[in-house]
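Down below is the structure, laid out as structure tokens.
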Amino acid sequence: MSMTHRPAPASLPPADDATSLLPQKGARSRPLFDPPIVKRALRESFVKLRPRSLMKNPVMFVCEVVSALVTVLLFRDLFRHARGIGFEFQIALWLWFTVLFANFAEAMAEARGKAQADTLRKTKTETQARRVVEGDRIELVASSRLRAGDVVLVEAGEVIPGDGEVMDGIASVDESVITGESAPVIRESGGDRSAVTGGTRILSDQIRIRISSNPGESFLDRMIALVEGAQRQKTPNEIALNILIAGLTIIFLLAVVTLQPYSAYAVIAAQAGHIPTVAVLVSLLVCLIPTTIGGLLSAIGIAGMDRVMQHNVLAMSGKAVEASGDVTTLLLDKTGTITLGNRQAVEFLPVEDVSAAELADAAQLSSLADETPEGRSIVVLAKNQYGLRGREIPQHEAEFIAFSAYTRMSGVDWRARKLRKGATEAIANFVREQGGEAPPRLMELSDRISRHGGTPLAVADGRRVLGVVHLKDIVKGGMRQRLEQLRAMGIRSVMITGDNPLTAAAIANEAGVDDFLAQATPKDKLEYIKNEQRLGRLVAMTGDGTNDAPALAQADVGVAMNTGTMAAKEAGNMVDLDSNPTKLLEVVAIGKQLLITRGALTTFSIANDIAKYFAIIPAMFAATYPALGALNIMRLHSPASAVLAAVIFNALIIIALVPLALRGVRYKPQSAATLLRRNLLLFGLGGILVPFPGIWLIDRILGLLHLA
Numbered sequence: 003m004s005m006t007h008r009p010a011p012a013s014l015p016p017a018d019d020a021t022s023l024l025p026q027k028g029a030r031s032r033p034l035f036d037p038p039i040v041k042r043a044l045r046e047s048f049v050k051l052r053p054r055s056l057m058k059n060p061v062m063f064v065c066e067v068v069s070a071l072v073t074v075l076l077f078r079d080l081f082r083h084a085r086g087i088g089f090e091f092q093i094a095l096w097l098w099f100t101v102l103f104a105n106f107a108e109a110m111a112e113a114r115g116k117a118q119a120d121t122l123r124k125t126k127t128e129t130q131a132r133r134v135v136e137g138d139r140i141e142l143v144a145s146s147r148l149r150a151g152d153v154v155l156v157e158a159g160e161v162i163p164g165d166g167e168v169m170d171g172i173a174s175v176d177e178s179v180i181t182g183e184s185a186p187v188i189r190e191s192g193g194d195r196s197a198v199t200g201g202t203r204i205l206s207d208q209i210r211i212r213i214s215s216n217p218g219e220s221f222l223d224r225m226i227a228l229v230e231g232a233q234r235q236k237t238p239n240e241i242a243l244n245i246l247i248a249g250l251t252i253i254f255l256l257a258v259v260t261l262q263p264y265s266a267y268a269v270i271a272a273q274a275g276h277i278p279t280v281a282v283l284v285s286l287l288v289c290l291i292p293t294t295i296g297g298l299l300s301a302i303g304i305a306g307m308d309r310v311m312q313h314n315v316l317a318m319s320g321k322a323v324e325a326s327g328d329v330t331t332l333l334l335d336k337t338g339t340i341t342l343g344n345r346q347a348v349e350f351l352p353v354e355d356v357s358a359a360e361l362a363d364a365a366q367l368s369s370l371a372d373e374t375p376e377g378r379s380i381v382v383l384a385k386n387q388y389g390l391r392g393r394e395i396p397q398h399e400a401e402f403i404a405f406s407a408y409t410r411m412s413g414v415d416w417r418a419r420k421l422r423k424g425a426t427e428a429i430a431n432f433v434r435e436q437g438g439e440a441p442p443r444l445m446e447l448s449d450r451i452s453r454h455g456g457t458p459l460a461v462a463d464g465r466r467v468l469g470v471v472h473l474k475d476i477v478k479g480g481m482r483q484r485l486e487q488l489r490a491m492g493i494r495s496v497m498i499t500g501d502n503p504l505t506a507a508a509i510a511n512e513a514g515v516d517d518f519l520a521q522a523t524p525k526d527k528l529e530y531i532k533n534e535q536r537l538g539r540l541v542a543m544t545g546d547g548t549n550d551a552p553a554l555a556q557a558d559v560g561v562a563m564n565t566g567t568m569a570a571k572e573a574g575n576m577v578d579l580d581s582n583p584t585k586l587l588e589v590v591a592i593g594k595q596l597l598i599t600r601g602a603l604t605t606f607s608i609a610n611d612i613a614k615y616f617a618i619i620p621a622m623f624a625a626t627y628p629a630l631g632a633l634n635i636m637r638l639h640s641p642a643s644a645v646l647a648a649v650i651f652n653a654l655i656i657i658a659l660v661p662l663a664l665r666g667v668r669y670k671p672q673s674a675a676t677l678l679r680r681n682l683l684l685f686g687l688g689g690i691l692v693p694f695p696g697i698w699l700i701d702r703i704l705g706l707l708h709l710a
């Protein structure tokens, strides 16, 4: 497995707070009620009154139809100079407010995405591209004329004209227009860091790029379309909830319709009371159907995608965000995710008759031309432990031996010395070729380091073995605590690595993962995911290389790194613009937060119907059946004020819950049983209790103002 990552922080956020899986710092988020966003949402609330728009939401469509019906009857009674015009007017007004408030919640969620899209759209500028044609001739063309397969040359200071892959060269690239991060990234031909994005700027050197997209099909174009919600599809969970809500709406609609003939019969039979008006029956219907969750359902889904985007993760669909909330198996790459990404030298272990200082000196000399992080760490360790400063070796006096996958070692030939460092077996063979013999102590040291999860790097001077340098993968601080949080959610963590099983087991034990997959090939990863899915588990993984593409495509949640190849980004259903592999932990938490928010508000919506039932039913039939007066536990002062108070509360509770729908219910890692109890106590019981004082207070205000 070959995966390359940008350097990650040495430690993770403190894990003593269970909400640390959803970091607040660094998330690029607008204020919840940003004035331009509110202004746009208010305008869209009226635009969404079109029946064609509301037909997608059965609850609010019914609300709009009955609002229109009461309005028509109001105008009829107005021309007839009928009594009760003031009551009908207030009922009609608050019914329209109910629809508008639901539209406002959805429009607020959409407006936040559109504001982000506007920001991204500003980065799209028409640039001149230097297209390479036959014979390496250069011609200037507008970036809009570039097609997939064209080759362009881009130098320092120039804007990359389109998405593509680096064919030749290496350069430092400023991707802040996409990621918001000022730190430049390296892009080079070959490997897993060859993809570049149109609109970003070259800071140094020059590269040749093969364009991979046609106009209108770039990564930036897709980002704009996605954050605007144009490609957002309802998730299976949301569709199921819509079906439930539609079913409840039909049931209550039939129940309310049958009340008209029943009440007429009851009034005639009892010779008391009066038949409820259409306005009262409509009020009962609107208060009993789940208008709260019906009005907020779409906003919750859109806001979930928006929260992911605020963490610089581009979700290709709402389904991907929701699926992340149901993930049961999480595949994490070892290098760059669980560990810091680069092995570091931590110890010099000499063999018999060799001092540690002599070993350190030879290891440092053999690493002077080694620009890898491991080589630099050997130079630094020798300096820190033995005061050995890096020495200048003139190129003409020495022959530096670069590392080769064939020889598995590197070093330098200098002053009749043949200094080599590399894999234990390779160094043992080298020593034997020079006429020496590897001591038994060499294998003992190597095995000991491997058993503890380290990598042994043997060092030799000609025919003499000097010892072993202990290279160690440094597990990120706080990783064990974060994996424990995942375990508390019921998520099993699996480390993927190309290391041998011995090293993998030691790292897995130190990090605290539940399982590991050692010496993993692309086929191994794909088969592992398929096996998990056969057992009914949802799998998430991160990746950035072409070799990760099959597994990313197979995983239920595949998060591709923006620094990775186009193949990886096309295969995944999310793209992490920051290219931070640990971001998958946040994505899972956001997905769970989305599901919890939807469940919590559904529970609240259904529960608060109970209080509205106690407000309206006694008001409708108390005169006909005096015994129903016992149900008037809130002692509402008149039937008209009781009905109107319930309708007003029903409208206001939607707008009161908009911040909760957009921000999401605060998430804490806990078991499903604990979560269910919390929802029932907080939102179920709260949904029953909150409306009582709310309706009572509105009733008193209506009485004081003589509005009912």
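Mapping the sequence shown onto our numbering, position 92 (from 1) lands on 94, and the numbers just tick up by one. Ideal Cβ positions, reconstructed from N, Cα and C, are used throughout, including at glycine.
Query raised in the report: Beta carbon of Val135, beta carbon of Leu155: below 8 Å?
Result: As a working note, residue 135 is residue 133 in the sequence shown. As a working note, residue 155 is residue 153 in the sequence shown. Their beta carbons are not under 8 Å apart, which means Val135 does not touch Leu155 by this criterion.
**Report entry** Which of helix, strand or coil DSSP assigns to Asp517
**Finding:** Working through the sequence shown from its first residue, we reach residue 517 at position 515. Strand at Asp517.
**Report entry** Inter-residue Cα distance where the pair is Ala17 and Arg42
**Finding:** Taking the first residue of the sequence shown as position 1, residue 17 is located at position 15. Taking the first residue of the sequence shown as position 1, residue 42 is located at position 40. Confidence is the limiting factor: at Ala17 the pLDDT is only 36, short of 50, which leaves the residue's position unreliable, though a coordinate-based value still follows. If I take the Cα positions, the gap works out to 39 Å.
Report task. Compute the distance between the beta-carbons of Val64 and Asn652, then report whether it is under 8 Å. Result -> Your numbering for residue 64 matches position 62 in the sequence shown. Your numbering for residue 652 matches position 650 in the sequence shown. No, Cβ-Cβ distance for Val64 and Asn652 is not below 8 Å.
Query raised in the report: Fully enclosed by the region 383–471, which alpha helix (DSSP H) runs are 4 residues long or longer?
Result: 426–435, 442–453
Query raised in the report: Taking the C-alpha atoms as reference points, what is the distance between Thr100 and Val515?
Result: Walking along the sequence shown from the start, residue 100 turns up at place 98. Walking along the sequence shown from the start, residue 515 turns up at place 513. In a straight line, the C-alpha of Thr100 is about 49 Å away from that of Val515.
Report task. Could you pull out every residue in the same chain whose Cβ sits closer than 6 Å to the Cβ of Lys420, ignoring the five residues on either side in sequence? Result -> In the sequence shown, counting from the first residue as 1, residue 420 sits at position 418. So the list reads Gly464, once near-sequence residues are dropped.
Query raised in the report: Going by DSSP, what residues sit across from Asp335 in a beta bridge?
Result: Residue numbering aside, residue 335 sits at position 333 when the sequence shown is read from its first letter. Beta-bridge pairing links Asp335 to Ile498.
**Report entry** Length of the line joining the Cα atoms of Val381 and Leu370
**Finding:** As a position in the sequence shown, residue 381 is number 379, starting the count at 1. As a position in the sequence shown, residue 370 is number 368, starting the count at 1. Answer to the nearest angstrom: the Cα atoms are 7 Å apart.
Query raised in the report: If you draw a straight line from the alpha carbon of Gly438 to that of Asn549, how long is it in whole angstroms?
Result: Position 436 of the sequence shown, counted from the first residue, corresponds to residue 438. Position 547 of the sequence shown, counted from the first residue, corresponds to residue 549. Taking the straight line joining both Cα atoms gives about 41 Å.
Query - Among Val470, Val589, Trp98, Leu603, the one whose alpha carbon lies nearest that of Glu354 - result: To locate residue 354, count along the sequence shown from 1; it is residue 352. Nearest C-alpha to Glu354: Val470.
**Report entry** Limits of the unbroken beta strand (DSSP E) element including Asp170
**Finding:** Position 168 of the sequence shown holds residue 170. Taken as a continuous stretch (DSSP letters only), the beta strand (DSSP E) holding Asp170 covers 166–176.
Query raised in the report: Can you give the Cα-Cα distance for Gly306 and Gly696, rounded to whole angstroms?
Result: By one-based count along the sequence shown, residue 306 stands at place 304. By one-based count along the sequence shown, residue 696 stands at place 694. For Gly306 and Gly696, the distance between alpha carbons rounds to 29 Å.
Query raised in the report: What is the DSSP secondary structure of Gln487, reduced to helix, strand or coil?
Result: Counting from 1 along the sequence shown, the entry for residue 487 is found at position 485. Three-state DSSP puts Gln487 in a helix.
Query - Residue(s) in a DSSP beta bridge with Ala542 - result: As a working note, residue 542 is residue 540 in the sequence shown. Leu332, Val559.
Query raised in the report: Does DSSP put Ala29 in a helix, in a strand, or in coil?
Result: For the purposes of this step, residue 29 is taken as residue 27 along the sequence shown, with counting starting at 1. Interpretation of Ala29 is limited by its pLDDT of 40, a score under 50 that renders its predicted location unreliable; no figure is taken from the coordinates.
Query - Inter-stretch contact at 8 Å, needing at least 3 Cβ pairs: the region 675–689 / the region 301–316 - result: no
Report task. Put Met636 into one of helix, strand or coil per three-state DSSP. Result -> Against the sequence shown, residue 636 aligns to sequence position 634. Coil, per DSSP.
Requested in this report: Would you identify the three-state DSSP class for Ala158, choosing helix, strand or coil?
Outcome: By one-based count along the sequence shown, residue 158 stands at place 156. Ala158: coil per DSSP, three-state reduction.
Query raised in the report: Distance, Cα to Cα, Thr330 vs Arg539?
Result: Residue numbering aside, residue 330 sits at position 328 when the sequence shown is read from its first letter. Residue numbering aside, residue 539 sits at position 537 when the sequence shown is read from its first letter. When rounded, the distance between both Cα atoms is 6 Å.
Requested in this report: Compute the Euclidean distance between the alpha carbons of Ala510 and Asp517, then round it to the nearest angstrom.
Outcome: If you number the sequence shown from 1, residue 510 lands on position 508. If you number the sequence shown from 1, residue 517 lands on position 515. Ala510 and Asp517: Cα-Cα distance of roughly 7 Å.
Report task. Taking all protein chains shown into account, decide if Val74 is buried (16 or more other Cβ within 10 angstroms of its Cβ) or exposed. Result -> As a working note, residue 74 is residue 72 in the sequence shown. Answer is exposed; the Cβ neighbour count stays below 16.
**Report entry** Among Arg422, Arg410, Pro375, Asn386, the one whose alpha carbon lies nearest that of Ala365
**Finding:** Position 363 of the sequence shown, counting from 1, holds the residue named residue 365. The shortest Cα separation from Ala365 among Arg422, Arg410, Pro375, Asn386 belongs to Arg422.
Query raised in the report: Any idea if Thr374 is buried or exposed, counting beta-carbon neighbours within 10 angstroms, 16 or more meaning buried?
Result: For the purposes of this step, residue 374 is identified with residue 372 of the sequence shown, where counting begins at 1. The residue is exposed, with fewer than 16 neighbouring Cβ atoms inside 10 Å.
Query - Straight-line Cα distance separating Ser326 from Gly574 - result: Along the sequence shown, one-based indexing puts residue 574 at 572. Along the sequence shown, one-based indexing puts residue 326 at 324. The alpha-carbon atoms of Gly574 and Ser326 are separated by roughly 13 Å.
Query raised in the report: Are the CB atoms of Ala522 and Val541 nearer to each other than 8 Å?
Result: In the sequence shown, the residue the question calls residue 522 occupies position 520. In the sequence shown, the residue the question calls residue 541 occupies position 539. Not a contact, by the Cβ cut-off of 8 Å.
Query raised in the report: Where Asp308 and Trp98 are concerned, what is the direct C-alpha to C-alpha distance, given to the nearest angstrom?
Result: Looking up residue 308 in the sequence shown gives position 306. Looking up residue 98 in the sequence shown gives position 96. If I take the Cα positions, the gap works out to 28 Å.
Query - Pick from Ile608, Trp698, Ala642 that is closest to Gly686, judged by C-alpha positions - result: Along the sequence shown, read from residue 1 onward, the residue named residue 686 stands at position 684. Considering only alpha carbons, the answer is Ile608.
Query - First through last residue of the beta strand (DSSP E) which encompasses Met311 - result: Taking the first residue of the sequence shown as 1, we reach residue 311 at position 309. It is not in any beta strand (DSSP E) - Met311 instead sits in the alpha helix (DSSP H) that spans 293–312.
Requested in this report: May I ask you to verify whether the region 159–174 touches the region 197–213, counting CB pairs closer than 8 Å and requiring at least 3?
Outcome: yes
Query raised in the report: Which residue from Met576, Pro458, Met57 puts its Cα closest to that of Met318?
Result: As a position in the sequence shown, residue 318 is number 316, starting the count at 1. The residue with the shortest Cα to Cα distance from Met318 is Met576.
Requested in this report: Round the Cβ separation of Ala617 and Gly275 to the nearest angstrom and send it over; I've been treating them as touching at under 8 Å.
Outcome: Taking the first residue of the sequence shown as position 1, residue 617 is located at position 615. Taking the first residue of the sequence shown as position 1, residue 275 is located at position 273. Contact flag wrong, Cβ pair sits at about 17 Å.
Requested in this report: For Met576, write down the residues that DSSP places opposite it in a beta bridge.
Outcome: Your numbering for residue 576 matches position 574 in the sequence shown. Answer is Ala317, Val561, bridged to Met576.
Report task. Measure the beta-carbon distance from Ala553 to Met563 and round it to whole angstroms, keeping in mind my assumption that it falls under 8 Å. Result -> To locate residue 553, count along the sequence shown from 1; it is residue 551. To locate residue 563, count along the sequence shown from 1; it is residue 561. The Cβ separation is near 13 Å, so there is no contact.
Query - Option nearest Ile295 by Cα separation, candidates Leu662, Asp578, Glu66, Leu603 - result: Start at 1 with the first residue of the sequence shown, and residue 295 comes out as number 293. The shortest C-alpha separation from Ile295 is found at Leu603.
**Report entry** Nearest-angstrom beta carbon gap, Met411 and Ala428 [assumed within contact, 8 Å]
**Finding:** Here residue 428 corresponds to residue number 426 of the sequence shown, with the count starting at 1. Here residue 411 corresponds to residue number 409 of the sequence shown, with the count starting at 1. Right, their Cβ atoms sit about 5 Å apart.
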